[in-house]
Amino acid sequence: MPAAGGHRPADDVDPRRLRRGRRHVAAPRRRGGRRAERAHRRPPRRGTGGARRLTAVASADHVLFHHVVDRPDDELPLDVAALLIGEWEYDGLDVSHYLGVLDRFAAQVARAIDNREKSRHVEVRALNEVLFDQLGFRGDDSGDDPKHLFLNEVLDRWVGAPIALAVVYIEVGRRIGVPLWGVSFPGSYLVRRDDVDECLLIDPHARGMTLDEDDLRARLADAAGPEEPLTADLLAPSSKRDILSEMLADLGAIYARDGDVRRQIEVLERLRILHPDDDAIDAEIERLRRHRPGRN
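Below, the structure is given as structure tokens:
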């Protein structure tokens, strides 16, 4: 089972090359039921599909995003890819700066671990102490501000949507050698840690609260109704590609609600890179371009 944190960024993803201005080179939905989520997230085929789709892509931002994500999941740098999701909003986004921010957070956690008595789950307690008690990260419940999904904004402002806080938690954990996975649980976005004899479920949106079976059942009943069974499938780890897709889908839902067609298309272009064989994405891009001309 590949960790969502995975390895360090692939050798050909050099953070020092990621500070640059944008230049043009050529001319949604909210998280819902688990079944609907899976139906949308078809794994892309490796090979020529991505290159075929890129012939229609408009900007250098898309080319860079494609370069970063077009690799097996265990080699995909989640931190870099998440920072690039909204690069169209931030000219010259300094990705290497934000990778350094995550590195500094991890160094603080490592020091907190060294200062604690060795005990079970000491790393999780240290993560919570640094991220939530010392740094003051907090969750946003409104779901109406795209800044809470852009990782650079989350790292600057220390407030984020559930899935964005999960990415911070996963990536800081990876840097201290703690493998963590994202879990798209109904109504929540959780982080999972597998120990030898137990699975720990953590909610970064609730200041790193650990959830037992009763907590999970209560949340499931709130999100999906009291008859929905709690199954192992609902606690399955998400791939990094799925995490990125879900962040983009949440962004797309905000822009669709606001009638922001230009940004909806930006989101869909990135989803198309992640899922180059999903014709439904192409159809939605064409529909937006055809029926909403001249807006945004």
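Each residue of the sequence shown is one higher than the one before, counting from 76 in my numbering.
For glycine and all other residues, C-beta sits at the position ideal for the given N, C-alpha and C.
Burial of Glu-246 is indicated by the presence of at least 16 other C-beta atoms within 10 angstroms of its C-beta. By the neighbour-count definition (other C-beta atoms within 10 Å, threshold 16), Glu-321 is a buried residue. Using a Cβ distance threshold of 8 Å, Leu-151 and Leu-224 do not count as a contacting pair. Excluding sequence positions up to five before and after Asp-215, its CB lies within less than 8 Å of the CB of His-223, Val-234, Gly-235, Ala-236, all in the same chain and listed in chain order. Assigned with DSSP and collapsed to three states, Gly-252 falls in coil, not helix or strand. Collapsing the DSSP output to three states places Ile-340 in a helix. Within the region 279 to 363, the alpha helix (DSSP H) runs of at least 4 residues that lie entirely inside it are, in chain order, 288 to 299, 315 to 333, 336 to 349. Where Arg-268 is concerned, there is no enclosing alpha helix (DSSP H), although the beta strand (DSSP E) around it starts and stops at 265 to 269. Straight across, the Cα-Cα distance linking Arg-337 with Glu-192 is about 52 Å. Contact between Glu-198 and Val-253 holds: their C-beta atoms lie close to 5 Å from each other, under 8 Å. Per DSSP, the beta-bridge partners of Val-234 are Arg-213.
With contacts defined by Cβ atoms closer than 8 Å, Leu-153 and Val-242 form a contacting pair. Here Ile-160 has Phe-140, Leu-224, Phe-225, Leu-226, Leu-319, Met-322, Leu-323, Leu-326, Arg-345 as same chain residues with Cβ atoms under 8 Å from its own Cβ, once five neighbours each way along the sequence are excluded. Looking at Ala-281, Ala-355, Ile-329, the one whose alpha-carbon comes closest to that of Arg-213 is Ala-281. Per the Cβ contact rule, the region 176 to 187 is in contact with the region 195 to 209 (3 or more Cβ pairs under 8 Å). By the Cβ neighbour-count rule, Gly-248 is buried, with 16 or more other Cβ atoms within 10 Å of its own. Take the alpha-carbon of Val-176 and the one of Glu-228: they are about 12 Å apart.
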